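Structure, as structure tokens:
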């Protein structure tokens with residue numbers, strides 16, 4: 004899965020968004036920006052079905068592999 008594709012549902016504001024949803028989307032946009040600015044070769048890995056572990060990893064300036072992990076549920 005591509006990085007943009009993974010983040011698209013949470014960074015895109017919808018017409019029905021209230022202040023809280025807009026704030027949450029802005030936080031995800033900041034996270035996406037920080038990942039892009041600080042890491043190269045970014046990849047998204049999904050492990051499992053329904054309850055899915057997601058790893059967003061890339062390489063820092065020293066070429067260390069670093070990233071974030073989260074979990075999503077798809078039904």
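Numbering (our numbering), first residue to last: 4 to 78. No residue lacks a Cβ here, since even glycine has one placed at the ideal position from N, Cα and C. All of these numbers come straight from a predicted model, not from anything done at the bench.
First and last residue of the beta strand (DSSP E) that includes residue i?
i: residue 56; result: 54 to 62
i: residue 49; result: 43 to 50
i: residue 21; result: Unbroken run through residue 21: none, as it is neither H nor E.
i: residue 74; result: 68 to 76
Rounding to the nearest angstrom, what Cα-Cα distance links residue i and residue j in this structure?
i: residue 61; j: residue 68; result: 6 Å
i: residue 13; j: residue 34; result: 11 Å
Could you spell out where the alpha helix (DSSP H) holding residue i opens and where it closes?
i: residue 8; result: 6 to 14
Going by the CB atoms, is the gap between residue j and residue i shorter than 8 Å?
i: residue 20; j: residue 28; result: yes
Could you work out which residue in the options is closest to residue i when comparing CA atoms only?
i: residue 56; options: 76, 65, 45, 39; result: 76
i: residue 64; options: 74, 39, 52; result: 39
Does residue i pass the burial test, meaning 16 or more other C-beta atoms within 10 Å, or should it be called exposed?
i: residue 50; result: exposed
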